[in-house]
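Step one of this worksheet: look at the structure below.
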Amino acid sequence: MLDSRFVEFKLDYTKTKNLPIGSVLRSGDIAAGGHLWRFNCYPRGRKIEDNGEHLSVFLELVSGHSKNVRAIFDAFAVNRDGAPSWWCDSMRRADVYPARGAAHGRDRFVARSFLESLYTEADGWVTVTCGVIVVLDVAPPPSDIGAHLGRLLDSGDDDGSSDFSFVVGGETFPAHRLVLAARSPVFKAQLRGSMADATMDSITVHDIEAETFRIMLRFVYTDALPEDEEIGYDSLVDTMRRLLAAADRFALDRLKVLCDLKLRNTLSADTVAATLACAETYSCVELKNRCMAFLADAKNLEAAILTEGFTELVRRHPSFIATFAPMLQVMYPDAFRAGDDDDEEIGDDSPTVIFERLLATADHHGLEWLKLVCAQILWDNVTVDTVATTLARAEMYACPELKRKCIGFFAAKKNFKKAVLTRGFVQLGQRFPSVIDELRERVVGLRISLLTAILYCL
1 MLDSRFVEFK LDYTKTKNLP IGSVLRSGDI AAGGHLWRFN CYPRGRKIED
51 NGEHLSVFLE LVSGHSKNVR AIFDAFAVNR DGAPSWWCDS MRRADVYPAR
101 GAAHGRDRFV ARSFLESLYT EADGWVTVTC GVIVVLDVAP PPSDIGAHLG
151 RLLDSGDDDG SSDFSFVVGG ETFPAHRLVL AARSPVFKAQ LRGSMADATM
201 DSITVHDIEA ETFRIMLRFV YTDALPEDEE IGYDSLVDTM RRLLAAADRF
251 ALDRLKVLCD LKLRNTLSAD TVAATLACAE TYSCVELKNR CMAFLADAKN
301 LEAAILTEGF TELVRRHPSF IATFAPMLQV MYPDAFRAGD DDDEEIGDDS
351 PTVIFERLLA TADHHGLEWL KLVCAQILWD NVTVDTVATT LARAEMYACP
401 ELKRKCIGFF AAKKNFKKAV LTRGFVQLGQ RFPSVIDELR ERVVGLRISL
451 LTAILYCL
């Protein structure tokens with residue numbers, strides 16, 4: 001595609017005889033092909049060595065933003081009758097203009113003697129026409145294969161092209177085996193391999209929501225995700241986490257990366273813990289690093305601790321507590337101050353010890369929501385080795401729900417027989433005998449004499 005502009009130079013031939021070599025007559029700025037240009041005419045030439053015997057013409061790029069522009073410079077003299085003439089040393093040359101100030105042309109465009117004999121008009125004027133023809137880069141139209149495949153998906157069973165379907169959450173999704181096999185190695189193994197699913201007309205997919213599967217299936221066909229507005233800002237992060245899980249499950253690597261990037265750009269104190277759990281589960285290293293960097297800010301960590309996502313994070317990945325322990329110690333120094341009742345049987349970086357201490361701090365400062373979070377995490381990490389200590393903390397810091405759950409844990413005979421042999425149980429009996437009385441009532445068949453013997457013999 002081309003864009004061109006032409007300009008006429010009218011020269012008073014007699015007056016130009018006395019101009020010094022190198023004197024230039026310039027046109028105004030001319031727009032062509034989205035760039036600005038200028039024609040420069042040297043009536044007695046540009047170079048000293050030409051002795052002023054030739055007329056020179058040049059095309060100059062003058063727009064500052066332009067880079068590597070391809071253009072054709074065209075120039076010719078005009079006969080006395082006004083018609084273009086090609087008898088002189090006319091030219092047409094194509095060049096690349098790398099940046100502003102670049103100029104191309106010809107020093108010996110036409111000899112002045114030749115110009116005087118053939119082209120000077122009766123009034124002594126000479127006309128030279130200069131033109132610029134810009135070669136425009138024409139971008140090919142964007143790929144529309146995604147739109148075509150999207151319409152194929154939308155046609156469903158209407159045109160008879162679907163040869164397979166998924167059933168997800170009671171909804172049926174018609175699809176095409178070849179498209180699925182081409183896009184996902186997991187689908188390829190299911191639908192084109194030796195697996196039993198390859199011979200079935202439909203597959204029921206479990207552990208994924210219908211809406212998540214719908215978005216994923218459209219991505220398989222179109223290689224695109226819906227706009228954020230279409231998904232809904234309120235559910236965007238949750239949807240991206242579910243899609244990331246689906247992408248990992250079906251080996252859709254590009255979809256997984258897109259979800260990863262979207263989650264990185266939507267981190268907040270409310271979402272970071274759940275997103276970190278997702279990153280850890282599905283091996284998204286960069287997403288995990290971004291979450292950890294976000295939580296390195298004490299204000300962010302303090303706010304994130306109070307979310308359900310943080311409780312879930314600790315439940316599924318308790319090893320993260322060791323990572324956060326130094327920051328928690330700075331945020332709540334009194335919670336980590338050594339005391340006489342510290343449980344030496346449990347490492348300092350275990351979730352149980354850390355959240356027992358945070359529970360004490362939350363109770364002391366009246367942080368009720370933090371108390372609930374700590375109580376939930378303590379319950380999630382209860383074992384026969386820790387239940388007695390956790391029950392003592394529940395009694396000490398008025399956590400009735402945690403206390404009820406711990407007593408219920410004790411009530412199972414298999415748990416009780418092991419739990420009573422721990423140091424924590426001895427301390428529980430010494431500090432809270434009323435709790436032991438409650439245990440007696442719950443544990444069926446427990447003999448008081450046996451319980452008393454255990455308490456005083458350990």
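In terms of full-length UniProt numbering, the sequence shown has 6 at position 6, counting the first letter as 1, and numbering is strictly consecutive.
C-beta atoms are modelled at their ideal positions from N, C-alpha and C, and glycine is treated no differently.
Our two residues, C130 and D74, have alpha carbons roughly 6 Å apart in a direct line.
When DSSP states are grouped into helix, strand and coil, C130 belongs to the strand group. Under the DSSP assignment, A279 falls in the alpha helix (DSSP H) whose first and last residues are V272 to T281. In the three-state scheme derived from DSSP, where H, G and I count as helix and E and B as strand, Y13 is classed as helix. According to the DSSP assignment, C374 belongs to the alpha helix (DSSP H) that extends over E368 to D380. Within its own chain, the residues whose Cβ lies closer than 6 Å to the Cβ of G309, once the five positions on either side in sequence are excluded, are A273 and A274, listed in chain order.
I354 sits close to L328, with the two beta carbons spaced by under 8 Å.
Straight-line spacing of the CA atoms in A325 and T422 works out to 26 Å. Relative to R431, the option among T352, R393, A411 and F109 whose CA is nearest is R393. As a beta-bridge residue in DSSP terms, D3 pairs with V134. Contact annotation: A102 and L61 have beta-carbon atoms nearer than 8 Å. With 16 or more other Cβ atoms inside 10 Å of its own Cβ, Y221 counts as buried.
Listed in chain order, the beta strand (DSSP E) elements of length 3 or more contained wholly in the stretch 221 to 259 amount to none.
Shortest Cα-Cα distance from K371 to any of W379, K299, A362 and I377 involves A362. Non-local C-beta neighbours of L217 in its own chain, meaning closer than 8 Å and more than five positions away in sequence, comprise L153, F166, F173 and A175, ordered along the chain. No Cβ-Cβ contact shorter than 8 Å links A411 with R440.
Per DSSP, the continuous alpha helix (DSSP H) segment holding N415 begins and ends at K413 to A419. Assigned with DSSP and collapsed to three states, A269 falls in coil, not helix or strand. Straight-line spacing of the CA atoms in A279 and D297 works out to 19 Å. Out of A189, R290 and P20, the CA that lies nearest to the CA of R44 is found in P20.
Where A139 is concerned, there is no enclosing beta strand (DSSP E), because DSSP gives it neither an H nor an E. Bounds of any alpha helix (DSSP H) do not take in P174; it lies within the beta strand (DSSP E) bounded by E171 to A175. The straight-line gap separating the alpha-carbon atoms of G64 and L36 is approximately 9 Å.
Looking at the DSSP output, M91 sits in a beta bridge with A75. Linking M240 to Y233 through their CA atoms gives a straight-line distance of about 11 Å.
Under DSSP, A325 shares a beta bridge with no residue.
Remark: C-beta atoms of T389 and G424 approach each other more closely than 8 Å. Counting of Cβ neighbours within 10 angstroms places E356 among the buried residues, the total reaching 16 or more.
About 18 Å separates the beta carbon of D238 from that of R315, a gap too long to meet the 8 Å contact definition. Residue V24 holds the alpha-carbon nearest to the alpha-carbon of G52 among G28, V24 and G34. Beyond the five residues adjoining it in sequence on each side, W369 comes within less than 6 Å, by CB distance, of L306 in the same chain, given in chain order. Relative to the Cα of T311, the nearest Cα in the group A375, T266 and A398 belongs to A375.
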